[in-house]
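Participant: Sequential numbering of the sequence shown, starting at 1, is according to UniProt numbering.
Backbone N, C-alpha and C define an ideal beta-carbon position, used for all residues, glycine too.
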Amino acid sequence: MGNTNSSHKISAQDRAILDLKIQRDKLRQYRKRITDLTDRETEIAKECLARDDRKRALLALRRKKYQESLLINSEKELDQLEQLINQVEFSLVQKDVLFGLQQGTQVLQAINKEMGGIEGVEKLMGETEEARAYQEEISQMLSGNLSNQDEDEVEDELAALQQEMQRLQNLPHAPKSKLPERSNEGESQEIQYQEGSKAKAQPAIPA
1 MGNTNSSHKI SAQDRAILDL KIQRDKLRQY RKRITDLTDR ETEIAKECLA
51 RDDRKRALLA LRRKKYQESL LINSEKELDQ LEQLINQVEF SLVQKDVLFG
101 LQQGTQVLQA INKEMGGIEG VEKLMGETEE ARAYQEEISQ MLSGNLSNQD
151 EDEVEDELAA LQQEMQRLQN LPHAPKSKLP ERSNEGESQE IQYQEGSKAK
201 AQPAIPA
């Protein structure tokens, strides 16, 4: 009985597993909220393209790319940490795991900061001095956080959106005018014709 407390002592490996689970749960919660924001950023890009504002459309897509990259990279890092934690010789990789968890916490904080709400996303279209300052701040931040490949993929997405909108503009429009209504005289003549046809079709009743 004297060894009960020691048998339930939480090891460094147990603590790392718990921290990893907490980070993964937070990441799942953030994914849904980030998806709502990135969907809106795509719509903003379309709205900006519709008014020939390519600069703001590109900014919206760049921010969307950055947010998606945060989620993807976080998931990859958590998967790698999980493999390290589950190793038998955990003590040999303990420092790497703890450092990775610390980095993961910082990334989650960055993701949480990105989810400042839809208000921040809407500022991407703003024309006020405050909105322009915010747009410039976001642009500078993204310049240091997006790789060349990310920037190329954003340009490709922008080009695809432009093609899609051009295709929709070239579609034929549905006619707005209504079909001409038949006159009452024409309808009455048709009714008389139908009644006359029925009368001819009925057999004569013998006297």
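1. Just how far apart, CA to CA, sit Q162 and N86?
2. Please report the distance separating the alpha-carbon of D53 from that of K21.
3. Look at L124 and L61 and say whether their C-beta atoms are less than 7 Å apart.
4. Do L171 and Y66 come within 7 Å of each other at the CB atom, strictly closer than that value?
5. Applying the criterion that 16 or more other CB atoms from any shown protein chain within 10 Å of the CB defines a buried residue, is K64 buried or exposed?
6. Count the other CB atoms within 10 Å of the CB of G100; is the residue buried (16 or more) or exposed (fewer)?
7. Note down the Cα distance separating A131 from L168, rounded to an integer number of angstroms.
8. Where does G144 sit, in a helix, a strand or coil, going by DSSP?
9. By the DSSP assignment, the alpha helix (DSSP H) with R33 in it spans what residues?
10. Return the residue from the list R28, D156, Q13, L98 that minimises the CA-CA distance to I72.
11. Report yes if the CB atom of residue 209 is closer than 7 Å to the CB atom of L78, and no otherwise.
12. One question on the structure: do V93 and L84 come within less than 7 Å of each other, judged by their Cβ atoms?
13. Could you check the C-alpha separation between Q103 and Q166 for me, to the nearest Å?
14. Under the three-state reduction of DSSP, which class applies to G120: helix, strand or coil?
15. When the distance is taken between beta carbons, is S74 closer than 7 Å to V107?
16. In terms of residue numbering, what span does the alpha helix (DSSP H) encompassing D79 cover?
17. Suppose you measure from the CA of A160 to the CA of G144; what does that come to, to the nearest Å?
18. In its own chain, which residues sit with a C-beta less than 6 Å from the C-beta of residue 243, not counting the 5 before and 5 after it?
19. Once you ignore the five residues that flank A57 on each side, which residues in its own chain have a CB closer than 7 Å to its CB?
20. What distance in whole Å lies between the Cβ atoms of E41 and V121, which are believed to be in contact at a cut-off of 8 Å?
21. Out of curiosity, what's the CA-to-CA distance linking E119 and T35?
Facilitator: Working from what's here:
1. The sequence position of residue 162 within the sequence shown is 162, counting from 1. The sequence position of residue 86 within the sequence shown is 86, counting from 1. Taking the straight line joining both Cα atoms gives about 47 Å.
2. Translated into the one-based positions of the sequence shown, residue 53 becomes position 53. Translated into the one-based positions of the sequence shown, residue 21 becomes position 21. Between D53 and K21, the C-alpha separation is close to 43 Å.
3. What you label residue 124 is simply residue 124 of the sequence shown in a count that begins at 1. What you label residue 61 is simply residue 61 of the sequence shown in a count that begins at 1. Contact: no.
4. As a position in the sequence shown, residue 66 is number 66, starting the count at 1. As a position in the sequence shown, residue 171 is number 171, starting the count at 1. No, Cβ-Cβ distance for Y66 and L171 is not below 7 Å.
5. As a working note, residue 64 is residue 64 in the sequence shown. Under this definition K64 is a buried residue.
6. Position 100 of the sequence shown, counted from the first residue, corresponds to residue 100. By the 10 Å Cβ count, G100 comes out buried.
7. As a first step, residue 131 must be located in the sequence shown, where it is residue number 131. As a first step, residue 168 must be located in the sequence shown, where it is residue number 168. When rounded, the distance between both Cα atoms is 30 Å.
8. Here residue 144 refers to the residue found at position 144 of the sequence shown. Three-state DSSP puts G144 in coil, outside helix and strand.
9. If you number the sequence shown from 1, residue 33 lands on position 33. R33 -> alpha helix (DSSP H) spans 12–50.
10. Position 72 of the sequence shown, counted from the start, is the residue given in the question as residue 72. Here the closest residue by C-alpha is R28.
11. Shown here, the chain extends from 1 to 207; a query on residue 209 therefore has no answer.
12. By 1-based counting over the sequence shown, the position of residue 93 is 93. By 1-based counting over the sequence shown, the position of residue 84 is 84. In this structure, L84 lies closer than 7 Å to V93 by Cβ.
13. Reading the sequence shown from its first residue, position 103 is the one you call residue 103. Reading the sequence shown from its first residue, position 166 is the one you call residue 166. About 43 Å.
14. The residue given as residue 120 occupies position 120 in the sequence shown. DSSP places G120 in helix when its eight states are reduced to three.
15. By 1-based counting over the sequence shown, the position of residue 107 is 107. By 1-based counting over the sequence shown, the position of residue 74 is 74. Yes; because the gap between Cβ atoms is below 7 Å, this pair is in contact.
16. In the sequence shown, the residue the question calls residue 79 occupies position 79. Where D79 is concerned, the enclosing alpha helix (DSSP H) stretches over 54–85.
17. Counted from its first residue, the sequence shown places residue 160 at position 160. Counted from its first residue, the sequence shown places residue 144 at position 144. Using only the alpha carbons, I get a separation of about 25 Å.
18. No answer is possible for residue 243: the residues shown for the chain start at 1 and end at 207.
19. Indexing the sequence shown from 1 puts residue 57 at position 57. Taken in chain order, the residues that qualify are A45, C48, L49, L158.
20. Reading the sequence shown from its first residue, position 121 is the one you call residue 121. Reading the sequence shown from its first residue, position 41 is the one you call residue 41. At roughly 6 Å, the Cβ-Cβ gap stays under 8 Å, so V121 and E41 are in contact.
21. For the purposes of this step, residue 119 is taken as the residue at position 119 of the sequence shown. For the purposes of this step, residue 35 is taken as the residue at position 35 of the sequence shown. So the two alpha carbons sit approximately 15 Å from each other.
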